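One point on numbering: in this note's numbering, the residue at position 195 of the sequence shown is 195, and numbering is uninterrupted. Here a beta-carbon is modelled for each residue, glycine too, at the ideal position from N, C-alpha and C. Predicted, not measured: the structure shown is a model, and the values here were computed from it.
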Amino acid sequence: MDILKISHISKSFGSNKVINNLSFSVPEHSVFGFIGKNGAGKTTTMKIVLGLLKSDEGEIFVNGEKVSFGQNETNRFIGYLPDVPEFYGFMTPMEYLLMCGEITGMPKKQVKEKSAELLQMVGLAEAKKRIRSFSRGMKQRLGIAQALLNSPRLLICDEPTSALDPVGRKEILDILHSVREHTTVIFSTHILSDVERICDRIAFLHEGSIVKSGTLEEIRGMRRGNGIAVEFLEPEAATRFLGLYGDGAQGEETNVTVYDREGNAMERIMEVLLHNHISVQRIERLEPTLEDLFLEVAAR
Ligand SMILES: Nc1ncnc2c1ncn2[C@@H]1O[C@H](COP(=O)(O)OP(=O)(O)OP(=O)(O)O)[C@@H](O)[C@H]1O
Ligand SMILES: [Mg+2]
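#1: Mind checking residue 260: buried by the 16 CB within 10 Å criterion, or exposed?
#2: Starting from residue 71, follow the alpha helix (DSSP H) in both directions and report where the run begins and ends.
#3: Roughly how many angstroms separate the alpha carbons of residue 113 and residue 165, rounded to a whole number?
#4: Drop a sphere of 10 angstroms on the beta-carbon of residue 13, count the other beta-carbons inside from all chains shown, and report buried for 16 or more, exposed for fewer.
#5: What is the C-beta distance between residue 136 and residue 122, in whole angstroms, given that I count them as a contact (C-beta under 8 Å)?
#6: Kindly identify the DSSP beta-bridge partner or partners of residue 33.
#7: Pick out the complete alpha helix (DSSP H) segments inside the region 224-286, 4 residues or longer, and give them in chain order.
#8: Would the region 33-50 and the region 97-109 be scored as touching if the rule is three or more Cβ pairs under 8 Å?
#9: Using the DSSP secondary-structure output, state which residues sit across from residue 27 in a beta bridge.
#10: Alpha carbons only, please: which of 134, 44, 241, 233 is nearest the one belonging to residue 159?
#11: Between which two residues does the alpha helix (DSSP H) harbouring residue 113 extend?
#12: If contacts are defined as beta-carbon pairs under 8 Å, then residue 169 and residue 194 qualify, I think. What distance do you get, rounded to the angstrom?
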């Protein structure tokens, strides 16, 4: 089942159309990477899903129920970590979670147990200090614990790793990966390596529309066989090779890139090298990276 279904939503701020006929679905128990550069419309989309912003057109369903702007019915299925989470600095993490639980009307005993369990999970069980002394990574981990307090079916995190160093990012990603058994995770980001690490599905948002989406494998496959890198021992060999190979190869110094349009470039390279007794340092099929795809998408 799709835990989230977004169908043809559009949203303008004044004359600026920031979401344009956007549709996509998120199957249950996936980790869904929502990728887009600054201003693509990621936060706006999330706020519409949460009923915090009104879309001009289209519908959204969370766990099969329709989202209505200004009502928070469907938010009982959702945990949300905003891009810049705000906390009361004078509280300890436990005090903060207890307060959050109280606001949402959870029974006291249950909040206590759940809070202790979540603080353990995000590695803050021993952190008894006030939140104001927390590092960014600690705050982000506390934010995830808070978002998971009501055991949501859908966890929405807006750029949870953007402000963190590699260690802090890895901690957050590990946590998001570990909760997938209990909840579906959507997180927005522009850090492609984070997506490659934990997502099974991704969607590229560009100027308010999805321009590419699918499983990680499908997305990678879109550019498979794009090029072959050949590194020569000296520049003269590269120049000779370029002359012999003809169209489809280019390079400078000792490095040549061959574009594999027909799917037979590897054989042709071997032939040219063998017949002309040219030796090489290295031949490598270039794996398309998400980075390439992102740049391709962003350049439209
Ligand atoms: N309340 C608002 N009023 C007017 N324009 C807005 C408002 N909120 C967002 N926008 C505009 O909508 C566009 C999309 O913004 P949004 O915050 O959704 O992008 P984003 O993908 O989350 O970007 P970032 O990576 O910087 O967080 C931007 O051009 C932004 O200026
Ligand atoms: Mg944003």
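Reading off the structure:
#1: buried
#2: Neither: residue 71 is in no alpha helix (DSSP H) and is coded neither H nor E.
#3: 31 Å
#4: exposed
#5: Rounded, the Cβ-Cβ distance is 14 Å, inconsistent with contact.
#6: 187, 202
#7: 235-245, 265-275
#8: no
#9: 2
#10: 44
#11: 108-121
#12: 6 Å
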